[in-house]
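Enquirer:
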Amino acid sequence: MDEMEKQGRNDILRSLASILLFSLYVSVTYHVSLGHVDQDKLVVDTIRFLLTVLILYLVFQGYSWARNLFSVLTAIGLVILIPPVFEDAPIVNKIPLFVGLVVYSLALYRLNFSANAKAYFSYIKEKR
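With the first letter of the sequence shown counted as 1, position 5 gets the number -3 in the working numbering; the numbers rise by one all the way through.
(1) Which residues bound the alpha helix (DSSP H) around D3?
(2) Counting Cβ pairs, one atom from each stretch, are 3 or more of them under 8 Å apart for the stretch 88 to 103 and the stretch -3 to 16?
(3) Out of I74, S63, P82 and F52, point me to the one whose CA is closest to K117's CA.
(4) Pull up the distance between the alpha-carbon of F78 and that of L26, whole angstroms please.
(5) Check D37 in the structure and name its three-state DSSP category.
(6) On the CB-based measure, 16 or more other CB atoms within 10 Å of its CB, does D80 come out buried or exposed?
(7) Taking 9 Å as the cut-off, decide whether the C-beta atoms of L100 and L61 are in contact.
(8) Less than 9 Å between the beta carbons of Y102 and I4, yes or no?
(9) Hey, out of A58, P88 and L34, whose CA is closest to V45's CA?
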């Protein structure tokens, strides 16, 4: 593995870790804002988190169908996050939206357009 492939692997790991951390943040802040733990929502959040971990693991392993699926879902997430940014609300309430936009857009860029990530994915395909 040369330096470009290592850099691509590290970039992908950082992006995938930030997606997981943002997912945990959203779940935790939802339950904290309620003041109690909603059992039904907790089960749904746990299943969603486990499915996210699974798809991110498959993306990291170099499966192109998983990367394409993740890219489509991330693009949908970006489209959903954009309209609330323009609502009349205090800027403090919009900070998680901005963080989500940055995390999702960086992940989308790194997985699909970064030369380092392309080098890593081609290395993974050769290795298989």
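Virtual Cβ for every residue (Gly too), placed ideally from N, Cα, C.
Expert: So, to answer that:
(1) In the sequence shown, the residue the question calls residue 3 occupies position 11. Where D3 is concerned, the enclosing alpha helix (DSSP H) stretches over E(-5) to L26.
(2) yes
(3) Looking up residue 117 in the sequence shown gives position 125. Nearest C-alpha to K117: F52.
(4) Counting from 1 along the sequence shown, the entry for residue 78 is found at position 86. Counting from 1 along the sequence shown, the entry for residue 26 is found at position 34. Those two C-alpha atoms are separated by around 25 Å.
(5) One-based indexing of the sequence shown puts residue 37 at position 45. Helix, per DSSP.
(6) By 1-based counting over the sequence shown, the position of residue 80 is 88. Its Cβ having fewer than 16 others within 10 Å, D80 is exposed.
(7) Locating residue 100 in the sequence shown gives position 108, where the first residue counts as 1. Locating residue 61 in the sequence shown gives position 69, where the first residue counts as 1. No. Outside cutoff.
(8) For the purposes of this step, residue 102 is taken as residue 110 along the sequence shown, with counting starting at 1. For the purposes of this step, residue 4 is taken as residue 12 along the sequence shown, with counting starting at 1. Looking at the sequence provided, one finds Arg at residue 102 rather than Tyr. Result yes, Cβ atoms of R102 and I4 sit closer than 9 Å.
(9) Mapped onto the sequence shown, residue 45 falls at position 53. For V45, the nearest C-alpha among the options comes from A58.
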